[in-house]
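Shown next, in structure tokens, is the structure this report addresses.
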Amino acid sequence: MYNELNSYLNDTVEDLTVCMFLWFYNSLNRVKRELLSRSDTMIVYDNLASPGTM
């Protein structure tokens, strides 16, 4: 009984971790897209991405 519960909890925690990671990743991408969609931040982003062109 204890082992079944333990493995169930482990699986649940793993699923939650994966969900959190995917949510976090998607949020980052959304923020990046919003930043890139504004032309003035696009220039700043380009400069940060390639310091040689500053």
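Residue numbering for the sequence shown follows our numbering, starting at 1378 and increasing by one per position.
Note that the Cβ used here is the ideal one computed from N, Cα and C, for glycine as well.
How many Å lie between V1408 and L1386 at the Cα? The sequence position of residue 1408 within the sequence shown is 31, counting from 1. The sequence position of residue 1386 within the sequence shown is 9, counting from 1. Computed Cα separation, rounded: 33 Å.
Taking only the alpha-carbon atoms, compute the straight-line gap between Y1402 and N1383 and give it to the nearest angstrom. Translated into the one-based positions of the sequence shown, residue 1402 becomes position 25. Translated into the one-based positions of the sequence shown, residue 1383 becomes position 6. So the alpha carbons of these two residues sit roughly 29 Å apart.
Check M1378 in the structure and name its three-state DSSP category. For the purposes of this step, residue 1378 is taken as residue 1 along the sequence shown, with counting starting at 1. When DSSP states are grouped into helix, strand and coil, M1378 belongs to the coil group.
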